[in-house]
Structures are given as structure tokens and as C-alpha cells.
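**Q** My questions all concern the structure below.
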């Protein structure tokens, strides 16, 4: 039995023209919604700035504490941060049947991470990856579905890791108390949202599942997609763990990893550039629930952001400009 060819496993190869046009329609709708995303982003960032101003003494104490952090643990956190970009490239390769130039793909992920901190809701990273895949010969529709497959794999692996960590340590996941009225209102709102989005969600899920099945006909691509998605989440968790250890916080690694995974999953709901503001607040809150004092939680968040955002930002933008200059994007 001969293995399937790239044309046979390519997403969209056996679809009708209407089905192949669906991802392109979603991309156009995303561009139309960009002003709303920008407005929400500005609101969230203003709220984050006001919150930071209100809690500035705690943040200032966190900065002071970070200055005395253990350099060995910070070096490990930096190595884990650098490793996330090849992991992201491998996951993106796993989402398409065609072979992509890995070095340029990894450079595109580095550039995408920088662009992601300039535009809301992942639009920056999505635009860079969409353009890169399109320049490699994939249609705009197939490029969009490849990004959807990668995002789906990332969300599933985060959910699996959260479930495994919660089951491995029943006391690790501490949830704040909520009134019955608040829980009921949240359930009603969630149910209403599902009803409103039911038909678009069904179409999107069908498209993504079709692409996932196509990729899984190539075992090497499936292994790259799921293995790298798992590695990406684990490496970011390791960054947070290493920063907490550098500060001398005696917390179990599983509890810190679980706090990060829950916070990063919750931050996806707010369309801020790179999760700025939303992830910071969610991570600080999750660490506080895990037993970290306020100033120490601020230090952990600042250290994580320094390594994953601020230090790579200028080099990432430089790589982005170089890729554009060389017509890779």
C-alpha cells in the first residue's frame, strides 16, 4: 500500500468550491472585526494601566525582588523561551502536508511572536504566518485552515495538561468561591452564546476536523503537530517555574505549571496584543490562588514578561523586517 501523496492529503483537495472558500470568508470577516478588536484592546489596556497604577507599590516591590533573582534559574528560563520558537515552527509544519523550509519557518515564528504584541487577538502572528504559508505556495484558504489546525491542537494540549495536572494533584487547583447567582448567570450567558454561534461554530469545526484528518494520514505530520504543541505549552510553563525558583519561592512545580496553563487559557478570551494586561492579571491572580504573596507574584509575572516579550521584541521586529525585505513574507 503506497503512502498518500501531498495532493491527496492536502486540506481542501476533496472539497467543493464553497467549502474551500469558507476559510477565506472567515479571514475577510476577521479583518472586518479588527476595529472592534482594537477598541476592546484599548479598553483592556487602559484598565490594566489603571490597575497597575493602583497596585504600583506591589509592582515596585516585585521589581526590586527580581533584581536579586538567581541567575542560573533565569538562564534556564531564557533557554526554555528560545526553545519555544522552534517548537512553534514544528507545530506549524505538522499542520500542513507540504514540507516547509524549517529555518525560515522558525524565523517566521520568532517574527510572528513580535508582531503578536503589536496587534490584538493574535492578529499579528496570524498575519505573519498566513503570509509565510501563502508565499510557500499554499492558497489563502489552506493557509487559514492550517493556522486553525495549529490553534486547535494548542488548545487541546493545554486542556489535556490542565486535566492531567489537576488529576495528579487534587489539591493543586484552587478555585475562588462564587455565588450561585454568578455561576447561574455565567451558565446562561455561555448557553446563549453557544446558541447564537451554533451554526458558524459547526461550520468552523467541520472545516478544522477535515484538515486534522487529512494531516493525520501522514504520521510524521501528526507527531509534529501534537508533540510540538505539547512541548510549546510545557516550555512556557517551564519558564514560569524557573522564574519562581529563581526568586526562591518554595512552590511545587505542578502547581506553578497549572496556574500558568489556566491563566493562559483564560487570557485567550480577551483580545489584547500578546495577552498584555489580560495574561498578566490572570497569571498574577492564579499565582496568588496558588499561595504566592502579592509582590512575589508581581515579580514572577515581570520576569516571565521580560523573557518572553520585552527582550525578544526588538530582535523579533528586526527579523520581521528582514523576512519582508527578502520577500519571505
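Residue numbers (the working numbering): 4 to 332. Heads up, the beta-carbon is just placed ideally off N, CA and C, and yes, glycines get one too. Quick caveat, the model's predicted, so the values are computed rather than measured.
Nearest CA to the CA of residue 311: which residue from 169, 140, 115?
**A** Walking along the chain shown from the start, residue 311 turns up at place 308. Nearest C-alpha to residue 311: 115.
**Q** Starting from the C-beta of residue 107, find all residues in its chain whose C-beta is less than 7 Å away, skip the five residues before and the five after it, and write them out in chain order.
**A** One-based indexing of the chain shown puts residue 107 at position 104. Result list for residue 107: 331, in chain order.
**Q** Below 8 Å CB to CB, which residues in the same chain sit around residue 113 once its five sequence neighbours on both sides are set aside?
**A** Here residue 113 refers to the residue found at position 110 when the chain shown is read from its first residue. Result list for residue 113: 88, 315, 318, 319, 322, in chain order.
**Q** Answer with buried or exposed for residue 170, where buried requires no fewer than 16 other C-beta atoms within 10 angstroms of its C-beta.
**A** What you label residue 170 is simply residue 167 of the chain shown in a count that begins at 1. It counts as exposed.
**Q** Of all the CB atoms in chain D, is at least one closer than 7 Å to the CB of residue 90?
**A** In summary, chain D is missing from the structure at hand, where a single protein chain is found.
**Q** Look up residue 121 in the DSSP assignment and say whether it is helix, strand or coil.
**A** To locate residue 121, count along the chain shown from 1; it is residue 118. Coil at residue 121, not helix or strand.
**Q** Is DSSP giving residue 185 helix, strand or coil here?
**A** Mapped onto the chain shown, residue 185 falls at position 182. Note that residue 185 scores 48 on pLDDT, short of 50, meaning its location in the model is unreliable and no value can be drawn from it.
**Q** Go ahead and pull the three-state DSSP assignment for residue 98.
**A** Numbered from 1 along the chain shown, position 95 holds the residue referred to as residue 98. Of the three classes helix, strand and coil, the one that applies to residue 98 here is coil, per DSSP.
**Q** To the nearest angstrom, report how far apart residue 301 and residue 251 are at their CA atoms.
**A** Against the chain shown, residue 301 aligns to sequence position 298. Against the chain shown, residue 251 aligns to sequence position 248. Roughly 14 Å separates the two Cα atoms.
**Q** In this structure, does DSSP put residue 331 in helix, strand or coil?
**A** Locating residue 331 in the chain shown gives position 328, where the first residue counts as 1. Of the three classes helix, strand and coil, the one that applies to residue 331 here is coil, per DSSP.
**Q** Which word fits residue 335, buried or exposed, when buried means at least 16 other C-beta atoms lie within 10 angstroms of its C-beta?
**A** There is no way to answer for residue 335, as the model of the chain reaches only from 4 to 332.
**Q** Measure the Cβ-Cβ separation of residue 149 and residue 98 and say whether it is below 7 Å.
**A** Numbered from its first residue, the chain shown carries residue 149 at position 146. Numbered from its first residue, the chain shown carries residue 98 at position 95. Taking 7 Å as the Cβ cut-off, residue 149 and residue 98 qualify as a contacting pair.
**Q** Short check: CB of residue 259 to CB of residue 242, under 7 Å?
**A** Position 256 of the chain shown, counted from the start, is the residue given in the question as residue 259. Position 239 of the chain shown, counted from the start, is the residue given in the question as residue 242. Contact: no.
**Q** Can the beta-carbon of residue 236 be found closer than 7 Å to that of residue 145?
**A** To locate residue 236, count along the chain shown from 1; it is residue 233. To locate residue 145, count along the chain shown from 1; it is residue 142. Against a cut-off of 7 Å, the Cβ pair of residue 145 and residue 236 comes out as no contact.
**Q** Going by CA-CA distance only, name the one from 233, 246, 269 that's closest to residue 163.
**A** Position 160 of the chain shown holds residue 163. Answer by Cα proximity: 233.
**Q** Assuming residue 283 is part of the alpha helix (DSSP H), what are its boundary residues?
**A** Position 280 of the chain shown holds residue 283. Taken as a continuous stretch (DSSP letters only), the alpha helix (DSSP H) holding residue 283 covers 281 to 292.
**Q** In three-state DSSP terms, what is residue 312?
**A** Residue 312 sits at position 309 when you count from the first residue of the chain shown. Residue 312: helix per DSSP, three-state reduction.
**Q** For residue 105, is the classification buried or exposed, using 16 other Cβ atoms within 10 angstroms of its Cβ as the cut-off for buried?
**A** Reading the chain shown from its first residue, position 102 is the one you call residue 105. Label assigned to residue 105: exposed.
**Q** With DSSP run on the structure shown, which of helix, strand or coil describes residue 239?
**A** Here residue 239 refers to the residue found at position 236 when the chain shown is read from its first residue. Residue 239 falls in the helix class under three-state DSSP.
**Q** Mark residue 85 as exposed unless 16 or more other C-beta atoms lie within 10 angstroms of its C-beta, in which case mark it buried.
**A** One-based indexing of the chain shown puts residue 85 at position 82. The residue in question, residue 85, is exposed, as its Cβ has fewer than 16 Cβ neighbours within 10 Å.
**Q** Hey, would you say residue 73 sits closer than 7 Å to residue 249, going by beta carbons?
**A** Counted from its first residue, the chain shown places residue 73 at position 70. Counted from its first residue, the chain shown places residue 249 at position 246. Closer than 7 Å, so yes.
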